[in-house]
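*Asks:*
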Amino acid sequence: MKIKVLSSQQCENKDANNGDCFILDNGQELVLYDCGCEEYAQYVMEYMKENKYQKVKVVLSHNDDDHFKGIPTLVENDKVSEITTVLLLKYVDELIDIIDDGRKNRESIKRQITEFYDNIYQLSGNNLQDAFEYAEIAEGITVSGPGKDYILNTAAKGLDTTECDHIDGETITNATSIHLSVKILDKKVLLTGDSTFESVMQENVKDFKVIQLPHHGKKDTGEAIMKELKNTTDEVYIVSDNTGNSNGGSDDLETKGYDVRNTKNSGMISLDYHFITRNRESRGNLSEIYNNKKQCK
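Its first residue numbered 153, the sequence shown is counted upward by one per residue in this note's numbering.
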């Protein structure tokens with residue numbers, strides 16, 4: 153298994169929110185976790201050509217543009233075999249039961265879902281798979297969280313106009329991000345989209361050697377996760393920085409004492425078994441170099 157974490161430096165508009173794009177290659181199938189800009193899609197198609205892949209499976213963590221914008225390009229070029237995400241239209245009755253205020257009916261909920269989750273709805277007809285029913289994406293790649301109850305209860309808050317549009321410090325849309333667990337031999341990588349700390353903590357986080365810090369290394373969430381794991385060893389934290397004016401981002405993230413790799417500093421990151429298992433000292437030295445480069449600019 154090899155993973156490439158694409159960098160916002162690859163996107164032409166550096167002022168836009170360009171978001172995430174993770175290429176997951178198990179040697180037999182290609183999987184994409186999010187695709188936040190046109191340049192990411194172009195890179196993916198070049199990678200497919202070089203590695204003789206005809207199709208890619210796509211996992212969309214959540215509805216926001218900075219995780220979605222490149223996917224239509226892949227679809228238009230007939231490169232996508234299937235797309236996995238949360239299909240809330242399948243759970244209308246459950247959402248009505250959760251809201252339980254007597255004001256909502258099936259049609260009003262369906263209308264809200266198609267408007268609020270417009271990017272996902274736009275993908276209709278492109279072999280959409282529901283993440284709750286289709287968790288096994290490919291060998292070594294699994295939808296691992298945060299769980300159906302958390303997602304539906306979070307979505308219900310967003311659909312209920314009497315509730316606020318945030319939960320656990322994130323927007324409703326961000327909080328409904330689905331996670332991927334990726335196995336590299338006996339090690340595991342956790343990809344989290346723009347999730348909340350609470351949803352990430354539903355995972356067995358100590359089982360993972362590499363963790364994507366949610367929402368592009370958002371300070372409060374990232375530091376809380378690192379603090380939770382401070383007594384374990386050798387974790388590598390990945391920040392897929394999106395630039396732009398997002399309230400996520402990593403500029404204020406305190407990384408001292410942790411091995412944090414940030415695409416904003418290092419550009420594209422390649423992960424394989426050798427990367428994960430080489431000793432912490434060598435990784436730390438490289439991380440220190442990146443941090444020093446940042447300070448010298």
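All residues carry an ideal CB built from backbone N, CA and C; glycine is no exception.
This one's a predicted model, so the numbers in the text were calculated from it and none came from an experiment.
Hey, is the region 331 to 349 in contact with the region 372 to 380, meaning 3+ C-beta pairs nearer than 8 angstroms?
*Replies:* Short answer: they touch.
*Asks:* So GLY374 is in the alpha helix (DSSP H); what residue range does that whole segment cover?
*Replies:* As a first step, residue 374 is located in the sequence shown; it is residue number 222 there, counting from the start. Segment 371 to 380, the alpha helix (DSSP H) holding GLY374.
*Asks:* Between which residues of its own chain and LEU239 is the CB-CB distance below 7 angstroms, once the five residues before and five after are set aside?
*Replies:* In the sequence shown, counting from the first residue as 1, residue 239 sits at position 87. Closer than 7 angstroms at the Cβ level, and outside the excluded window around LEU239, lie LEU280 and ASP282.
*Asks:* Our contact map puts THR395 next to SER160 with C-beta atoms below 8 angstroms; I'd like the distance itself, whole angstroms only.
*Replies:* The residue given as residue 395 occupies position 243 in the sequence shown. The residue given as residue 160 occupies position 8 in the sequence shown. Right, their Cβ atoms sit about 5 angstroms apart.
*Asks:* State the CB to CB distance for the pair ASN326 and ASP216, rounded to an integer number of angstroms; the pair is presumed to be in contact (CB under 8 angstroms).
*Replies:* For the purposes of this step, residue 326 is taken as residue 174 along the sequence shown, with counting starting at 1. For the purposes of this step, residue 216 is taken as residue 64 along the sequence shown, with counting starting at 1. Right, the Cβ-Cβ distance comes to about 7 angstroms (below 8 angstroms), so this counts as a contact.
*Asks:* Which of helix, strand or coil does DSSP assign to ASN414?
*Replies:* Indexing the sequence shown from 1 puts residue 414 at position 262. ASN414 falls in the strand class under three-state DSSP.
*Asks:* Tell me, please, which residues DSSP counts as bridged to GLY297.
*Replies:* The residue you call residue 297 lines up with position 145 of the sequence shown. Answer is HIS331, bridged to GLY297.
*Asks:* Taking the alpha-carbon positions, what's the HIS367 to GLY345 distance?
*Replies:* As a first step, residue 367 must be located in the sequence shown, where it is residue number 215. As a first step, residue 345 must be located in the sequence shown, where it is residue number 193. Taking the straight line joining both Cα atoms gives about 6 angstroms.
*Asks:* For ASP177, count neighbouring Cβ atoms within 10 angstroms of its own Cβ and tell me buried if that reaches 16, exposed if not.
*Replies:* Walking along the sequence shown from the start, residue 177 turns up at place 25. With 16 or more other Cβ atoms within 10 Å, it is buried.
*Asks:* Where are the alpha helix (DSSP H) runs, 4 residues long or more, that stay fully inside the region 258 to 300, in chain order?
*Replies:* Whole alpha helix (DSSP H) segments, 4+ residues: 258 to 268 and 270 to 274.
*Asks:* Given a cut-off of 8 angstroms on the beta-carbon distance, is the pair SER422 and LYS156 in contact?
*Replies:* On the sequence shown, position 270 is the one that residue 422 refers to. On the sequence shown, position 4 is the one that residue 156 refers to. Contact flag set, yes.
*Asks:* Could you name the residues that DSSP lists as bridge partners for LEU423?
*Replies:* By 1-based counting over the sequence shown, the position of residue 423 is 271. In the DSSP output, where bridge partners are listed per residue, LEU423 has ILE155.
*Asks:* What residue range does the alpha helix (DSSP H) around ASP177 cover?
*Replies:* Numbered from 1 along the sequence shown, position 25 holds the residue referred to as residue 177. Counting along the chain, ASP177 falls outside any alpha helix (DSSP H), though it belongs to the beta strand (DSSP E) covering 174 to 177.
*Asks:* Using alpha carbons as the reference points, say which of LEU158, LYS335 and PHE174 lies closest to ALA290.
*Replies:* Locating residue 290 in the sequence shown gives position 138, where the first residue counts as 1. Taking only the C-alpha atoms, the option nearest ALA290 is LYS335.
*Asks:* If TYR199 and ILE175 are in contact, beta carbons under 8 angstroms, what's the gap, nearest whole angstrom?
*Replies:* The sequence position of residue 199 within the sequence shown is 47, counting from 1. The sequence position of residue 175 within the sequence shown is 23, counting from 1. Rounded, the Cβ-Cβ distance is 6 angstroms, consistent with contact.
*Asks:* Using alpha carbons as the reference points, say which of ASP317, ASP386 and ASN414 lies closest to GLN364.
*Replies:* Here the question's residue 364 lines up with position 212 in the sequence shown. Of the listed residues, the one whose Cα sits closest to GLN364 is ASN414.
*Asks:* Which of the three DSSP states is assigned to LEU212 in this structure?
*Replies:* Working through the sequence shown from its first residue, we reach residue 212 at position 60. DSSP places LEU212 in coil when its eight states are reduced to three.
*Asks:* Which first and last residues belong to the alpha helix (DSSP H) in which LYS201 is found?
*Replies:* Taking the sequence shown and counting its residues from 1, one reaches residue 201 at position 49. Element bounds for LYS201: 190 to 202.
*Asks:* Following a CB-centred definition, is LYS207 positioned closer than 7 angstroms to any heavy atom of the ligand MN?
*Replies:* The ligand content of the structure shown is nil, which means the ligand MN is not present either.
*Asks:* Answer yes or no: do ILE272 and THR237 have a C-beta to C-beta separation smaller than 8 angstroms?
*Replies:* The residue you call residue 272 lines up with position 120 of the sequence shown. The residue you call residue 237 lines up with position 85 of the sequence shown. In contact: ILE272 and THR237 (Cβ atoms closer than 8 angstroms).
*Asks:* Let me know if TYR425 comes out buried or exposed under the rule of 16 or more other beta-carbons within 10 Å of its beta-carbon.
*Replies:* Here residue 425 refers to the residue found at position 273 when the sequence shown is read from its first residue. When all chains shown are included, TYR425 counts as exposed.
*Asks:* So, are the CB atoms of LYS166 and VAL183 less than 8 angstroms apart?
*Replies:* Along the sequence shown, one-based indexing puts residue 166 at 14. Along the sequence shown, one-based indexing puts residue 183 at 31. Not in contact: LYS166 and VAL183 (Cβ atoms no closer than 8 angstroms).
*Asks:* Out of TYR185, THR225 and GLU322, which one is the CA nearest neighbour of VAL295?
*Replies:* Looking up residue 295 in the sequence shown gives position 143. For VAL295, the nearest C-alpha among the options comes from TYR185.
*Asks:* Less than 6 angstroms between C-beta atoms, sequence neighbours within five positions excluded: which residues of the same chain meet that for PHE284?
*Replies:* Taking the first residue of the sequence shown as 1, we reach residue 284 at position 132. If we look at PHE284 and ignore the five residues flanking it on each side, its Cβ neighbours are LYS300.
*Asks:* Just to confirm, is the Cβ distance from LYS358 to ASP404 under 8 angstroms?
*Replies:* The residue you call residue 358 lines up with position 206 of the sequence shown. The residue you call residue 404 lines up with position 252 of the sequence shown. Not in contact: LYS358 and ASP404 (Cβ atoms no closer than 8 angstroms).
*Asks:* Please classify ASN169: is it buried, with 16 or more other beta-carbons within 10 angstroms of its beta-carbon, or exposed?
*Replies:* Here residue 169 corresponds to residue number 17 of the sequence shown, with the count starting at 1. When all chains shown are included, ASN169 counts as buried.
*Asks:* What residues match up with LEU337 in a beta bridge as DSSP calls it?
*Replies:* To locate residue 337, count along the sequence shown from 1; it is residue 185. Its beta-bridge partners do not exist; DSSP assigns none.
*Asks:* Near GLY321, which residues of its chain fall below 8 angstroms by C-beta distance, leaving aside the five closest residues on each side in sequence?
*Replies:* Position 169 of the sequence shown holds residue 321. Answer for GLY321: THR348, PHE349, ASP372 and THR373, listed in chain order.
*Asks:* Let me know the secondary structure DSSP gives GLN162 once reduced to three states.
*Replies:* Taking the sequence shown and counting its residues from 1, the one referred to as residue 162 is at position 10. DSSP places GLN162 in helix when its eight states are reduced to three.
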